[in-house]
Amino acid sequence: MSLHEECGVFGAYASAPCDLASLSYYALYALQHRGQESCGLVMRTPAGFVSHKDVGLVGDVFSAQTLQGFPSATAAVGHTRYGTTGGSGRRNCQPIEVHHCGGDLALAHNGNLANAAALRAALERNGAIFHTSSDTETIAYLITRERLHAPSLVEAVSRVMLQLEGAYSLVILSDHRLLCVRDPHGFRPLCYGCTPDGTWLVASESCAIRAAGGSVLRDLQPGEILVFDETGCTSHREHCSSQAKTTCIFEYIYFARPDSVIDGVSVHEARIRAGEALAKAHPVDADLVIGVPDSGVAAALGYSAASGIPYGIGLMKNNYVGRTFIAPDGRLDKVRIKLSAIESVVRGRRLVLIDDSIVRGTTSGRIVRLLREAGAKEIHLRISAPPFLHPCYYGTDIDSEEHLIASRRTPEEIAAMIGVESLGYLPVSALPSLIGGHAYCDACFSGRYPTAVAPNTRKDQFE
Ligand code: AMP
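If you're matching positions, the sequence shown starts at 3 in this note's numbering and goes up one per residue.
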């Protein structure tokens with residue numbers, strides 16, 4: 003079971019067989035930031051499902067030869083996975099495929115069920131055997147079982163939604179249809195669009211729709227089921243408004259790509275507003291504002307604009323590495339591989355350094371060391387998120403409280419540990435200004451969870 007599945011999902015539906023492999027490749031590449039552990043693609047071809055999935059990055063898993071080997075297809079479902087819960091091995095690669103007398107399914111999931119343990123235990127007690135440690139398999143199992151009695155696949159999915167609690171943006175491929183589902187809280191993003199030649203596209207983020215050559219039509223409403231089949235696109239809204247909307251605010255702060263628009267709000271603009279709010283909450287006398295690439299840069303621009311302190315590029319990112327946090331563990335200092343300071347910019351300067359978050363505190367300390375080595379005179383760290391005080395049960399990799407530095411230390415203690423002159427976090431009260439009045443989930447900052455949460459939430463509970 004993946005309690006922290008920060009993933010990317012994608013789907014495509016065409017009315018006649020065509021080259022969906024290239025289009026899916028573009029989309030999966032654009033969703034790489036949502037997960038770098040494994041990726042996969044299942045296509046529906048005239049001869050049945052064809053799939054390819056493996057651990058690794060999109061560019062490695064899908065070689066030119068693999069792509070050319072895909073036959074023409076009428077529908078596709080794809081996934082990029084960052085499962086910090088459940089093993090990272092091949093068996094947890096998605097999309098999950100189910101071959102069953104009731105019909106075949108391929109399913110890709112972003113999010114985390116808060117009641118996965120109870121659902122899985124109930125299924126196992128009734129004889130179910132699971133092959134993965136991912137909660138996505140639980141969803142696939144429930145849909146397959148429900149499908150035996152329901153009048154249609156959409157009705158089966160709708161009935162299963164009544165049993166699921168937590169975060170799920172799903173793309174489901176069947177023999178005849180492509181279904182997309184956003185959970186009634188709308189925790190994770192999901193939007194859809196269309197290419198000029200009429201191929202329907204659905205993706206976790208709008209950047210993937212555009213990368214695949216489509217235009218975005220809109221986000222799915224929380225609770226909505228969209229069905230693509232030979233009659234076109236149909237929306238089912240019986241679960242809409244059944245729950246309060248609580249989209250993950252951290253999607254805007256860190257997780258999503260800045261060129262994506264989620265529920266009508268540009269991620270880039272939200273980050274700029276976070277920087278502006280940070281400047282108001284924690285002003286400081288300094289010479290230059292710099293951002294930690296990539297997610298700290300927009301907030302640094304906002305801080306600079308609101309404070310009048312010039313913005314500069316003080317840190318360079320090596321383009322050949324992925325997100326530090328996600329990279330495999332080892333003895334190496336990953337920050338030193340990923341970032342370097344531009345000495346001519348930072349030497350002798352009093353810096354405002356903007357980053358998006360502090361989890362355990364390791365990354366910031368290492369960045370500060372790089373800047374000191376390059377001659378920075380003062381470093382005032384400003385974080386464009388509030389302190390992480392509580393774990394996330396809906397798919398963001400926020401660890402248990404004992405690993406969250408802010409739950410054990412005051413900002414002054416953290417500043418001393420990291421080695422900065424001052425430290426200021428975005429106040430929780432500033433979060434609404436980021437996304438202009440949309441409702442959101444901030445449980446990792448506030449401890450207010452929008453659903454019940456099962457007591458056992460260990461990342462490896464099904465390993
Ligand atoms: P740490 O060294 O544990 O304090 O890690 C902080 C860094 O991890 C920040 O610079 C963030 O950009 C990044 N980060 C924070 N939360 C997450 C997350 N849920 N998934 C991946 N990376 C994250």
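We put the beta carbon where it would ideally sit given N, CA and C, even for glycine. These figures come from a predicted structure and were not determined experimentally.
Residue i: CB within 7 Å of a non-hydrogen atom of ligand 1
{"i": "TYR256", "result": "yes"}
{"i": "THR134", "result": "no"}
{"i": "ARG362", "result": "yes"}
{"i": "ILE400", "result": "yes"}
{"i": "THR365", "result": "yes"}
{"i": "ASP444", "result": "no"}
{"i": "SER297", "result": "yes"}
{"i": "GLU8", "result": "yes"}
Host beta strand (DSSP E) of residue i (start-end)
{"i": "PHE471", "result": "This structure does not reach residue 471, given that the chain is present from 3 up to 465, and the question cannot be answered."}
{"i": "LYS55", "result": "50-57"}
{"i": "GLU99", "result": "98-100"}
{"i": "ARG46", "result": "40-47"}
{"i": "ARG352", "result": "352-357"}
{"i": "LEU109", "result": "107-112"}
{"i": "GLY37", "result": "Segment: none, GLY37 is in no beta strand (DSSP E) and carries neither H nor E."}
{"i": "ARG259", "result": "It is not in any beta strand (DSSP E) - ARG259 carries neither H nor E in the DSSP assignment."}
{"i": "ARG168", "result": "Reading off the sequence, residue 168 comes out as Gly, not Arg. Looking at the DSSP string, GLY168 is not in any beta strand (DSSP E), and its letter there is neither H nor E."}
{"i": "ALA75", "result": "75-83"}
Pair within 8 Å by beta-carbon distance, residue i and residue j
{"i": "LEU383", "j": "PHE447", "result": "no"}
{"i": "VAL11", "j": "HIS81", "result": "yes"}
{"i": "SER366", "j": "ILE420", "result": "yes"}
{"i": "ALA301", "j": "LEU25", "result": "no"}
{"i": "GLY37", "j": "GLU8", "result": "yes"}
{"i": "TYR427", "j": "PRO452", "result": "no"}
{"i": "LYS340", "j": "ASN320", "result": "yes"}
{"i": "SER424", "j": "VAL286", "result": "yes"}
{"i": "VAL60", "j": "TYR31", "result": "yes"}
{"i": "LEU109", "j": "ALA142", "result": "yes"}
{"i": "GLU380", "j": "LEU353", "result": "yes"}
{"i": "ARG46", "j": "ALA77", "result": "yes"}
{"i": "VAL267", "j": "ILE315", "result": "no"}
{"i": "ALA258", "j": "PRO191", "result": "yes"}
{"i": "VAL204", "j": "GLY13", "result": "yes"}
{"i": "HIS102", "j": "THR138", "result": "no"}
{"i": "PHE189", "j": "TYR396", "result": "yes"}
{"i": "SER431", "j": "ARG275", "result": "no"}
{"i": "GLY105", "j": "ASP185", "result": "no"}
{"i": "VAL356", "j": "GLY293", "result": "Note that residue 356 is Ile in the sequence shown here, rather than Val. Contact: yes."}
{"i": "SER409", "j": "GLU415", "result": "no"}
Expected contact under 8 Å - CB spacing of residue i and residue j to nearest Å
{"i": "SER262", "j": "GLU207", "result": "4 Å"}
{"i": "LEU107", "j": "LEU175", "result": "7 Å"}
{"i": "LEU222", "j": "CYS193", "result": "7 Å"}
{"i": "ASN117", "j": "GLU167", "result": "4 Å"}
{"i": "ARG179", "j": "HIS133", "result": "About 25 Å; that fails the 8 Å criterion."}
{"i": "CYS242", "j": "GLU226", "result": "6 Å"}
{"i": "TYR256", "j": "VAL291", "result": "About 19 Å separates the two Cβ atoms, so there is no contact after all."}
{"i": "ASN128", "j": "ALA169", "result": "The Cβ separation is near 25 Å, so there is no contact."}
{"i": "THR140", "j": "ARG161", "result": "Wrong, their Cβ atoms sit about 15 Å apart, outside the cutoff."}
{"i": "ILE400", "j": "ALA272", "result": "Going by Cβ atoms, the distance from ILE400 to ALA272 rounds to 19 Å, so no, they are not a contact pair."}
Element boundaries [alpha helix (DSSP H), containing residue i]
{"i": "THR146", "result": "137-149"}
{"i": "ARG212", "result": "208-213"}
{"i": "GLU126", "result": "118-127"}
{"i": "ASP62", "result": "60-63"}
{"i": "SER26", "result": "22-32"}
{"i": "LEU155", "result": "155-163"}
{"i": "ALA66", "result": "66-71"}
{"i": "LYS436", "result": "Strictly speaking, residue 436 in this sequence is Leu, with Lys absent from that position. Counting along the chain, the alpha helix (DSSP H) containing LEU436 begins and ends at 433-436."}
Residue i: CB within 7 Å of a non-hydrogen atom of ligand 2
{"i": "ASP358", "result": "In the structure shown, ligand 2 is absent; the only ligands present are ligand 1."}
Contact with chain C by residue i, beta-carbon distance below 8 Å
{"i": "THR138", "result": "The chain inventory of the structure shown lacks chain C, comprising one protein chain alone."}
Would you list, in sequence order, the uninterrupted beta strand (DSSP E) runs of no fewer than 3 residues that lie entirely inside the stretch 374-423? 380-385
Which ranges would you report for the beta strand (DSSP E) in the stretch 282-347 if only whole runs of at least 3 residues count? 290-293, 317-319 and 341-343
Which ranges does the beta strand (DSSP E) cover as unbroken runs of at least 3 residues, wholly within the stretch 176-243, from first to last along the chain? 180-184, 193-196, 202-205, 217-221, 227-231 and 234-238
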